[in-house]
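Let me begin by presenting the structure, written as structure tokens, before commenting on it.
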Amino acid sequence: MTRDRMISHLLAADAVARDAVAHGHHPFGAVLVGPDDAILMRQGNIDTVHHAETELARRAAAAYSPEFLWTCTLVSTGEPCAMCTGTLYWANIGRLVYGFEETKLLALTGDHPENPTMSLSSRVVLGSGQKRIEVHGPLPEIEDELLSAHRDFWRR
Numbered sequence: 001m002t003r004d005r006m007i008s009h010l011l012a013a014d015a016v017a018r019d020a021v022a023h024g025h026h027p028f029g030a031v032l033v034g035p036d037d038a039i040l041m042r043q044g045n046i047d048t049v050h051h052a053e054t055e056l057a058r059r060a061a062a063a064y065s066p067e068f069l070w071t072c073t074l075v076s077t078g079e080p081c082a083m084c085t086g087t088l089y090w091a092n093i094g095r096l097v098y099g100f101e102e103t104k105l106l107a108l109t110g111d112h113p114e115n116p117t118m119s120l121s122s123r124v125v126l127g128s129g130q131k132r133i134e135v136h137g138p139l140p141e142i143e144d145e146l147l148s149a150h151r152d153f154w155r156r
């Protein structure tokens, strides 16, 4: 997947995140991209426990074989938390692309009770496993745009 395609898919995930906000949810979005570069699934955040990436990985694991998912990419607006990264790992999704790092989100949310972020990068979580899952992110050229939905949301 080229960097331009990563950005295109991140923008699609951002549209999902903004739709989640319009429905009263947290501003996170994720898409599952197949080996042919087509978006197969979209998922917005639901609540503090039902994150976009976790729900997407669970739905994907129910719909597709592990062999197929190994050829797919989970694209997320922000770096997935430990729970979401673990779910991606167990679902056997072979690649992760994210737009901004968890540390950037923490700077915006602080100790907000609905987003008690963990200082544990997705690379550390995946590096602790037995599978070599490819990780791309952050993408600095799009970070500001992806974080814009978070700036106002977490100040409420």
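Numbering (full-length UniProt numbering), first residue to last: 1 to 156. Note that CB positions come from ideal geometry on N, CA and C, so glycine has one too. Since the model is a prediction, treat every value here as computed from it, not as a measurement.
Length of the line joining the Cα atoms of residue i and residue j
i: Ala57; j: Leu40; result: 12 Å
i: Glu67; j: Phe100; result: 28 Å
i: Leu120; j: Gly44; result: 22 Å
i: Phe28; j: Met6; result: 17 Å
i: Ala15; j: Arg132; result: 29 Å
i: Thr71; j: Glu143; result: 26 Å
i: residue 188; j: Leu69; result: No answer is possible for residue 188: it lies beyond the span of the chain, which begins at 1 and ends at 156.
i: Leu105; j: Tyr98; result: 12 Å
Nearest residue (CA-CA) to residue i, options the options
i: Asp111; options: Leu74, Val124, Val97 and Arg155; result: Arg155
i: Arg151; options: Gln43, Arg42, Ala107 and Glu79; result: Ala107
i: Thr103; options: Ile93, Asn115, Leu96 and Asn92; result: Asn115
i: Val49; options: His9, Cys81 and Pro140; result: Cys81
i: Ala12; options: Gly129, His23 and Gly78; result: Gly78
i: Thr117; options: Met83, Ala61 and Phe153; result: Met83
i: Thr109; options: Leu147, Glu143 and Thr73; result: Leu147
i: Ile46; options: Trp70, Ile142 and Arg18; result: Arg18
i: Asp37; options: Glu141, Ser122 and Ser8; result: Ser8
Those residues which DSSP pairs with residue i across a bridge
i: Met41; result: Leu32
i: Thr73; result: Val33 and Arg95
i: Gly78; result: Phe100
i: Glu134; result: Arg95
Exposure of residue i, with buried meaning 16 or more beta-carbon neighbours within 10 Å
i: Gly127; result: exposed
i: Gly24; result: exposed
i: Val33; result: buried
i: Gly129; result: exposed
i: Leu31; result: The identity of residue 31 in the sequence shown is Val, whereas the question assumes Leu. The residue is buried, with at least 16 neighbouring Cβ atoms inside 10 Å.
i: Thr2; result: exposed
>> Three Cβ pairs or more, each shorter than 8 Å: is that satisfied between the segment 76 to 89 and the segment 45 to 53?
In response: Contact holds between the segment 76 to 89 and the segment 45 to 53, because three or more Cβ pairs, one in each stretch, are under 8 Å apart.
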